[in-house]
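Per the numbering used here, residue 1378 is the first one in the sequence shown, and the count goes up by one each step. Idealized CB from N, CA, C, for every residue including glycine.
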Amino acid sequence: MGDSKILQVLAIAVIARLALKTIDFIPSVEPIIPLAVIAGLTISAEAGFTVGAAGFILSNLVLDAGFGYWTILQALGAGLAGALPAFIKTKKKNSDAVVGFAIVGTVIYEFFVNMPDGMIFVMPFSAIHVVSSIVLGFLFASMFSLKKTDHDAQAGHDDRSSIENNHGKNSHDSHGGQGDNHDEHDAIHGGPFA
């Protein structure tokens, strides 16, 4: 069940990156890190790392710049950025958490990718990347519902949430009208995943 969700988020990350790269005049707008953060926050550290690392590897195979040493640096930086949220315990899994982790994750990514070239020469692009991670973090966070599932609770994964589709149902409907323990303001509502 978790593998299909990882593949879905990975597919969105790769397609979104390839689509954004068709806009030549907007450099450094990268959707992979916010999506890797969501995977790390809601599924697992392995999921976040996989979405981040594989997202850059797969999309670089298609892009004009191709596959090179930078791909390894991109994969490592984005993978660590995606895994980070799973290691830092947070009770709130909302858009603020996604954006906060996306900012820190983007800085980690930029460190790995740009250290060989010297941070001073790439600061404008790094700034654009951080700002785009904030904007895309809010955008992508609005697509997902971060709630614990009954399976997670039974398996002892009470500190994890899962990506769920929230269309047509709310938490009160699925629990006989009694709701759940989550504050409505702490959940990210909506999403493409069932």
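Residue 1511 places its beta carbon 7 Å or farther from that of residue 1455. Between the C-alpha atoms of residue 1478 and residue 1444 there is a straight-line separation of about 27 Å. The shortest C-alpha to C-alpha distance from residue 1449 to any of 1460, 1403, 1506 and 1433 is the one to 1433.
The continuous alpha helix (DSSP H) containing residue 1491 extends over residues 1472-1491. Secondary structure of residue 1520 (DSSP, three-state): coil. For residue 1423, the uninterrupted alpha helix (DSSP H) run begins and ends at 1422-1437, by DSSP. DSSP places residue 1445 outside both helix and strand once states are collapsed to three, so it counts as coil. No Cβ-Cβ contact shorter than 7 Å links residue 1517 with residue 1476. Linking residue 1405 to residue 1468 through their CA atoms gives a straight-line distance of about 31 Å.
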